[in-house]
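Sequences listed follow chains W and C, in order.
Counted from 1, the first sequence has number 356 at position 356 by my numbering; the numbering is strictly sequential.
Counted from 1, the second sequence has number 582 at position 168 by my numbering; the numbering is strictly sequential.
Working notes, beginning with the structure itself.
Number of protein chains: 2
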Amino acid sequence: MAFSNIMDSNSYQGGQQDDPLIAARGRMLGPAYRLFYERPVHLVRGQGTLLYDAEGRDYLDAYNNVASVGHCHPHVVDAVTRQLGMLNTHTRYLHEGIVDYSRRLLASMPDEIDQVMYACTGSEVNDLALRVAQTYTGATGIIITSDAYHGNTAAVTAISPSIGGAAAVGAHVRTVAPDLAGVPAAIADLQESGLGVSTLIVDTIFSSDGIYPDPSVLEPAVTAVRAAGGVFIADEVQPGFGRTGEAMWGFERHGVVPDLVTMGKPMANGLPVAAMAARSQVLDEFARGIPYFNTFGGNPVSMAAAAAVLDVIEDEKLVANALEVGTALRAELARLAGTREDIREVRGAGLYVGVEVDGRDTARRLVNAMRERRVLISVCGAHGNVLKIRPPMVFSLADVDRFCTEFEAVLAQL
Amino acid sequence: MAFSNIMDSNSYQGGQQDDPLIAARGRMLGPAYRLFYERPVHLVRGQGTLLYDAEGRDYLDAYNNVASVGHCHPHVVDAVTRQLGMLNTHTRYLHEGIVDYSRRLLASMPDEIDQVMYACTGSEVNDLALRVAQTYTGATGIIITSDAYHGNTAAVTAISPSIGGAAAVGAHVRTVAPDLAGVPAAIADLQESGLGVSTLIVDTIFSSDGIYPDPSVLEPAVTAVRAAGGVFIADEVQPGFGRTGEAMWGFERHGVVPDLVTMGKPMANGLPVAAMAARSQVLDEFARGIPYFNTFGGNPVSMAAAAAVLDVIEDEKLVANALEVGTALRAELARLAGTREDIREVRGAGLYVGVEVDGRDTARRLVNAMRERRVLISVCGAHGNVLKIRPPMVFSLADVDRFCTEFEAVLAQL
């Protein structure tokens, strides 16, 4: 069992029951709630790439992709405040917000992807995308990577082996390694079982599998899935919105045009906003046959927040920043790793960086040691041995310096 | 097929393709998106119980329960703005917001309900509650009402017959009329089938079934379900937070203490915030065994918005207002109905009011005629013949006057 994404090597029950806040949390929220770090952090304020605790100490945030344009970005705060004081209803009334945003979002994608539907979370849009794929293909079989995470509803928990625990992968699901070499065999197995192939769904940077940027693996897999009648869902919840540096969407690095694209986390810098973009011919039968309404999805405030995030990405050239700063970060990390045998590989794309170390314990010690030096990261991967470095996209070269200074100090004490 | 909640008699494809906004919507959002009213409304501003269109005309909102404490309530706007400019992270870091709010929320419920988990939508928490119920009981069978609506994920679509269209009720689901008289037979059927009884889940005012306030039907059904090893989930997404006037929660009117309680829509006056409260012994096995993390659920901004809504409900005594104003509204509607044969019944609790008329066409004409007089309502019920009157809880006696003046005029022309 992986526990890589959810109950990862970096999440804790919160043992310090003498802390009244931790004790109250445990009592009222129950055992499902976990905290990061052996010594949890108690944050009260954020600004850009920095987070501050109750004692005023600053932490360098090298983990949070939700606050993608920076914590508390004033342009987003202003846009939300303004719309929240003006109107917040739903999509059964006409409003420009959803139309204007949809136009901008679809313009950032290949022409083939021409429609979009809105929800609140990545879980909701992945759940929806599976239903669309199954309706379009008439098949139910699904191919995923072996340590995928696609969300927390019943349907997407069944395609999220990284959750671990008592959660089980569905009988209609086949898993393949993140090099996707196993896709043809998975197709054959699904066809023989009578389930058929509805979809291959992957996170286009293979986040919870351990961050694998190789752009050569996806195209042949998608071609094989399509030949078997299936569609390709690009889960851009983590890599999307420019994080991988080379393009706005992770799938673009792979030279593939998906059938369905799901997105969420950084979409509105912390407000619950998610979307599924689609080729209209793939969406059509589902959208005509099965009524779908999402109370908060695409509401005026959600759209104002999402539009403000696009503004900042454009105005502050954050995709180019992710490429430049991410490249510098990986180069410096590779230099620090040098010939150390306990650091196996530094990899990634843009500001999604993985550092594979020699085991779960090493990763855990590094993450907690970095936290003690006030730098926030986490782990991922099937064996919990990949440092997950995924900062806000406003991460600067100065932030790289701070990160690497602390990382060097931590390595020296390992 | 019911179409009562989703593709109800009051939702339209938006035929006026000569309106560029409607045409752009249709092209980019696809056929799943519907608009209210034969002549859709284009709203730009809201305040209290009023909504305004682009030409500055005001509409009396007698439909929207999301903006429960009134459109654009300044206390909620201020709370969100302040927290959004301060910090917005997630539950893996310590924060007072979620602990303080949980304490207040649980204090509003019976002592037996002692834990709470957060998500973003009613769909997410109903999906979660089903999984908790199935884990706790080891059974999979579910009993619902015949025109229930519990959300839009794959798992809750299967318990939402009111969606209609090509969406199908699951093979593990049994439906009963909203008088719940069929529960013993449904239990027997699930037991014979080997599925067992995991849960009875009902909206405690039977919203999409047609609004049935009778407080005598639920207790015997819950007793029978518990005797069969099942649990009771109170879906408070619509009736919760004081709307029914007699208490904070719909289940209190029925004298029943649920095992799980789900809530959403009005919880944060328009921000996507939802929760599942639970008896800890029912939640325990699930919460220990199956990791669950919701990226935005319970974040500092969500909790600030939800806390501000509780403040307003308390400060403005909105539960008492719902009782007083709702009672006055029903009395006046009953007077207007008089001995008319086309109006069969006026019913409800607090500010959740249903007016049953003699058929779908009458309901449709009334809803559209009210819209032309700038009063917004909709329909529900298995036959689409119940007017759904569910205004923000700040609805005043003056609003009742305006509503009834227009309703009288509309009835006169029917």
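Even glycine gets a Cβ: it sits at the ideal position worked out from N, Cα and C.
**Asked** So what's F395 (chain W) in DSSP terms, helix, strand or just coil?
**Response** In the first sequence, counting from the first residue as 1, residue 395 (chain W) sits at position 395. Coil, per DSSP.
**Request:** Please compile the residues from chain C whose C-beta is within a distance smaller than 9 Å of the C-beta of V116 (chain W).
**Result:** Locating residue 116 (chain W) in the first sequence gives position 116, counting from the first residue. What V116 (chain W) touches in chain C: M442, L443, G444.
**Request:** Give the interface partners of L435 (chain C) over in chain W, defined as CB-CB distance under 8 Å, in chain order.
**Result:** Here residue 435 (chain C) corresponds to residue number 21 of the second sequence, with the count starting at 1. For L435 (chain C), the chain W residues whose Cβ falls inside 8 Å of its Cβ are L94, E96, V99, in order along the chain.
**Request:** Run the CB neighbour count on G56 (chain W), radius 10 Å, all protein chains shown included, and call it buried at 16 or more, exposed below.
**Result:** Numbered from 1 along the first sequence, position 56 holds the residue referred to as residue 56 (chain W). Under a 10 Å Cβ-count criterion, G56 (chain W) is classified as exposed, with fewer than 16 other Cβ atoms of the shown protein chains found around its own Cβ.
**Asked** Would a check of beta-carbon distances place V494 (chain C) closer than 8 Å to chain W?
**Response** Taking the first residue of the second sequence as position 1, residue 494 (chain C) is located at position 80. V494 (chain C) counts as touching chain W.
**Request:** Anything in chain C within Cβ reach of G289 (chain W), meaning under 7 Å, just list it in chain order.
**Result:** Looking up residue 289 (chain W) in the first sequence gives position 289. Near G289 (chain W) (Cβ distances below 7 Å), the residues of chain C are G579, A580.
**Message:** Given this structure, state the Cα-to-Cα distance separating G444 (chain C) from M276 (chain W), to the nearest angstrom.
**Reply:** If you number the second sequence from 1, residue 444 (chain C) lands on position 30. If you number the first sequence from 1, residue 276 (chain W) lands on position 276. When rounded, the distance between both Cα atoms is 12 Å.
**Asked** Can you find a C-beta in chain W that's less than 8 Å from the C-beta of I420 (chain C)?
**Response** Position 6 of the second sequence, counted from the start, is the residue given in the question as residue 420 (chain C). Its pLDDT being 48, under 50, I420 (chain C) is placed unreliably in this model, and the value from its coordinates should be taken loosely. So yes, I420 (chain C) belongs to the interface.
**Request:** Express the C-alpha separation of G511 (chain C) and F403 (chain W) in angstroms, rounding to a whole number.
**Result:** Working through the first sequence from its first residue, we reach residue 403 (chain W) at position 403. Working through the second sequence from its first residue, we reach residue 511 (chain C) at position 97. Distance between the alpha carbons of F403 (chain W) and G511 (chain C): 29 Å.
**Item:** Whole-number beta carbon distance between L724 (chain C) and Q529 (chain C), since they are thought to touch under 8 Å
**Value:** By one-based count along the second sequence, residue 529 (chain C) stands at place 115. By one-based count along the second sequence, residue 724 (chain C) stands at place 310. About 18 Å separates the beta carbons of Q529 (chain C) and L724 (chain C), which is beyond the 8 Å limit, so they are not a contact pair.
**Asked** What residues from chain W crowd round S516 (chain C), counting only those whose CB sits closer than 7 Å?
**Response** Position 102 of the second sequence, counting from 1, holds the residue named residue 516 (chain C). Ordered by position in chain W, the residues that pass the 7 Å Cβ test against S516 (chain C) are M28, L29.
**Prompt:** For E38 (chain W), which of helix, strand or coil comes out of DSSP?
**Reply:** Within the first sequence, residue 38 (chain W) is the residue found at index 38, counting from 1. If DSSP states are grouped into helix, strand and coil, E38 (chain W) belongs with coil.
**Message:** Please report the straight-line C-alpha distance between T327 (chain W) and A369 (chain W), rounded to a whole angstrom.
**Reply:** Translated into positions along the first sequence, residue 327 (chain W) becomes position 327. Translated into positions along the first sequence, residue 369 (chain W) becomes position 369. The straight-line gap from Cα to Cα measures roughly 24 Å.
**Request:** Check each candidate in C:A599, C:A751, C:L544, C:A642 and name the one with the smallest Cα separation from A823 (chain C).
**Result:** By one-based count along the second sequence, residue 823 (chain C) stands at place 409. Looking at the Cα atoms, C:A751 is the closest of the given residues.
**Request:** Would you mind telling me which residues of chain W sit closer than 9 Å to C486 (chain C), beta carbon to beta carbon, in chain order?
**Result:** Locating residue 486 (chain C) in the second sequence gives position 72, where the first residue counts as 1. Residues of chain W whose Cβ lies closer than 9 Å to the Cβ of C486 (chain C) are, in chain order, L84, G85, M86, L87, N88.
**Asked** Between which two residues does the beta strand (DSSP E) carrying A268 (chain W) extend?
**Response** Against the first sequence, residue 268 (chain W) aligns to sequence position 268. Segment: none, A268 (chain W) is in no beta strand (DSSP E) and carries neither H nor E.
**Message:** Would A562 (chain C) and S576 (chain C) be called neighbours here (beta carbons separated by less than 8 Å)?
**Reply:** What you label residue 562 (chain C) is simply residue 148 of the second sequence in a count that begins at 1. What you label residue 576 (chain C) is simply residue 162 of the second sequence in a count that begins at 1. Yes; because the gap between Cβ atoms is below 8 Å, this pair is in contact.
**Request:** State the Cα-Cα distance for the pair V814 (chain C) and T776 (chain C), rounded to the nearest angstrom.
**Result:** The residue given as residue 814 (chain C) occupies position 400 in the second sequence. The residue given as residue 776 (chain C) occupies position 362 in the second sequence. Inter-residue distance for V814 (chain C) and T776 (chain C) is about 22 Å (C-alpha atoms, whole angstroms).
**Prompt:** R25 (chain W) by DSSP, collapsed to three states: which one?
**Reply:** Taking the first sequence and counting its residues from 1, one reaches residue 25 (chain W) at position 25. If DSSP states are grouped into helix, strand and coil, R25 (chain W) belongs with the helices.
**Prompt:** To the nearest angstrom, how far is it from the Cα of N294 (chain W) to the Cα of A581 (chain C)?
**Reply:** The residue you call residue 294 (chain W) lines up with position 294 of the first sequence. The residue you call residue 581 (chain C) lines up with position 167 of the second sequence. Straight-line Cα distance between these residues: approximately 16 Å.
**Message:** So, at 8 Å on beta carbons, what are the nonlocal neighbours of R602 (chain C) in its own chain, with the 5 sequence-adjacent residues on each side left out?
**Reply:** Position 188 of the second sequence, counted from the first residue, corresponds to residue 602 (chain C). Sequence inspection shows Ala at residue 602 (chain C); the Arg mentioned does not correspond to that position. The beta carbon of A602 (chain C) sits closer than 8 Å to none of the beta carbons in its chain outside the five residues before and after it.
**Request:** Within the same chain, show all residues whose beta-carbon is closer than 7 Å to that of T571 (chain C), passing over the 5 residues directly before and after it, in chain order.
**Result:** For the purposes of this step, residue 571 (chain C) is identified with residue 157 of the second sequence, where counting begins at 1. Once the five neighbours on either side are set aside, the close Cβ partners of T571 (chain C) are I577, A581.
**Request:** Flag D649 (chain C) as yes if its beta-carbon sits less than 8 Å from any beta-carbon of chain W, otherwise no.
**Result:** Working through the second sequence from its first residue, we reach residue 649 (chain C) at position 235. Taking Cβ atoms only, chain W never reaches closer than 8 Å to D649 (chain C), which makes this a no.
**Simplified DSSP assignment, three categories, for M276 (chain W)** = Stepping through the first sequence from its first residue, residue 276 (chain W) is reached at position 276. In the displayed model, M276 (chain W) falls within a strand according to three-state DSSP.
**Prompt:** Just checking my contact of A569 (chain C) with A155 (chain W) at CB under 8 Å: how many whole Å lie between their CB atoms?
**Reply:** Mapped onto the second sequence, residue 569 (chain C) falls at position 155. Mapped onto the first sequence, residue 155 (chain W) falls at position 155. A155 (chain W) and A569 (chain C) do touch by the CB rule: their CB atoms are close to 6 Å apart, below 8 Å.
**Asked** Can you list the residues of chain W that S694 (chain C) reaches, using a CB-CB cut of under 7 Å?
**Response** In the second sequence, residue 694 (chain C) corresponds to position 280, counting from 1. Result: G30.
**Contact set for H73 (chain W): own chain, Cβ-Cβ below 7 Å, skip 5 residues either direction** = By one-based count along the first sequence, residue 73 (chain W) stands at place 73. Cβ within range, chain order: N269, V312.
**Prompt:** Considering only the beta carbon of each residue, do I573 (chain C) and V587 (chain C) sit closer than 8 Å?
**Reply:** To locate residue 573 (chain C), count along the second sequence from 1; it is residue 159. To locate residue 587 (chain C), count along the second sequence from 1; it is residue 173. With contacts defined as CB atoms closer than 8 Å, I573 (chain C) and V587 (chain C) qualify as a contacting pair.
**Prompt:** With which residues is E770 (chain C) paired in a DSSP beta bridge?
**Reply:** Stepping through the second sequence from its first residue, residue 770 (chain C) is reached at position 356. In the DSSP output, where bridge partners are listed per residue, E770 (chain C) has C:E759, C:V800.
**Prompt:** Name the DSSP bridge partner or partners of F646 (chain C)?
**Reply:** Locating residue 646 (chain C) in the second sequence gives position 232, counting from the first residue. Partner(s): C:L614.
**Item:** First through last residue of the beta strand (DSSP E) which encompasses V530 (chain C)
**Value:** Residue 530 (chain C) sits at position 116 when you count from the first residue of the second sequence. Here the beta strand (DSSP E) through V530 (chain C) covers 529-533.
**Chain-order list of residues whose beta-carbon lies under 6 Å from that of A812 (chain C) (same chain, five-residue window excluded)** = Within the second sequence, residue 812 (chain C) is the residue found at index 398, counting from 1. Same-chain partners within the cutoff: there are none.
**Asked** Where does R253 (chain W) land, buried or exposed, given buried means 16+ other C-beta within 10 angstroms?
**Response** To locate residue 253 (chain W), count along the first sequence from 1; it is residue 253. It counts as buried.
**Request:** Below 6 Å CB to CB, which residues in the same chain sit around D358 (chain W) once its five sequence neighbours on both sides are set aside?
**Result:** Counting from 1 along the first sequence, the entry for residue 358 (chain W) is found at position 358. Same-chain partners within the cutoff: D342.
**Request:** Can you grab the Cα-Cα spacing for the pair K679 (chain C) / T551 (chain C), in whole Å?
**Result:** Counting from 1 along the second sequence, the entry for residue 679 (chain C) is found at position 265. Counting from 1 along the second sequence, the entry for residue 551 (chain C) is found at position 137. Taking the straight line from one Cα to the other gives about 28 Å.
**Prompt:** Taking the C-alpha atoms as reference points, what is the distance between D18 (chain W) and A719 (chain C)?
**Reply:** Walking along the first sequence from the start, residue 18 (chain W) turns up at place 18. Walking along the second sequence from the start, residue 719 (chain C) turns up at place 305. Each residue's alpha carbon lies about 29 Å from the other.
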